[in-house]
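Here numbering that gives the first Met the number 0 is used: the first residue of the sequence shown is 0, the next is one more, and so on.
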Amino acid sequence: MSIFTLILTFSLLTFNSSCSERNETVSCFPNTLVSVSTNLNLQPYINNLQQKGWTYIDEQQAGTRGLILVKNLNGQIYVFDRNAPHICPSSDTTLDVVNNQKIVCPKDGAEWIMSSGQPINDQTKGVAPKRYMFDYNPSTGQISIYN
C-alpha cells in the first residue's frame, strides 16, 4: 500500500510540474527553436531602439513569427514572441506594437504594456507575451536570444 501511495504522489507531482511549464501560454503555442545572435548597434536595430524603444527581430530561428525586443526607459531589455500567447495561432494572431506603447493582438484586441509585457485588458486572459532569455553585452551591442 505504501508503494502505491509513493507512486501516486510522484505521478501527481510530475503531472503538476509539467503542466506549470505551459502556464505562460496556451497549449497550442508553437514550440520552436529560438536562437538568434545579432548586434543591436547595426541598422535598423539601433535607430528603432533609439527612436522608438523597440524593434522587431525577423531573422532565422527567431520563432515562427519573429520577436519584439523592447528596451524600456530604465534600460531593461525584454524579448517577446510575436505569437499571441492567449489564443491558438492563426493568420491574424501575430502581435504588433501600436503607438510605441502597447503590444496588440489584431484578432481580438488583446493588449499588453510594451515596456513590461503586463496585460492591459481582459482579452489577454491574464497571460503575458512569451518572454525569452538573452545574453547582452552593452559595450559591443551583441545580443544572443534563446529558449
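We put the CB at the ideal spot given by N, CA and C, even for glycine.
For residue j and residue i, believed in contact at Cβ under 8 Å, the rounded distance
| i | j | result |
| --- | --- | --- |
| N30 | G62 | The pair is not a contact, with the Cβ atoms about 10 Å apart (cut-off 8 Å). |
| P84 | P128 | 5 Å |
| V33 | Q60 | 6 Å |
| A109 | N120 | 7 Å |
| I56 | L68 | 6 Å |
Cβ-Cβ distance between residue i and residue j below 7 Å
| i | j | result |
| --- | --- | --- |
| G140 | L66 | no |
| F133 | V96 | no |
| L94 | C104 | yes |
| V35 | I144 | yes |
| K106 | T92 | yes |
Identified DSSP bridge partners for residue i
| i | result |
| --- | --- |
| A61 | V33 |
| M132 | Y145 |
| T93 | N82 |
| I76 | K70 |
| K101 | V97 and I112 |
| N38 | Q141 |
When the options are compared against residue i, the one with the closest alpha-carbon
| i | options | result |
| --- | --- | --- |
| N46 | K70, Q60, S90 and S114 | K70 |
| N136 | T37, R64, V25 and V33 | T37 |
| T54 | S90, S89, K101 and D91 | K101 |
| F28 | R130, I142, M113 and I144 | R130 |
| T24 | I142, S115 and D80 | D80 |
| Q50 | S138, Q117, S26 and L72 | L72 |
| G74 | G52, G125, S89 and R64 | G52 |
| G116 | S89, I76, S138 and I142 | I76 |
Residue i beta carbon near the ligand FMN (any heavy atom closer than 6 Å)
| i | result |
| --- | --- |
| P118 | Only the bare structure without any ligand can be found here, which leaves the ligand FMN out of the picture. |
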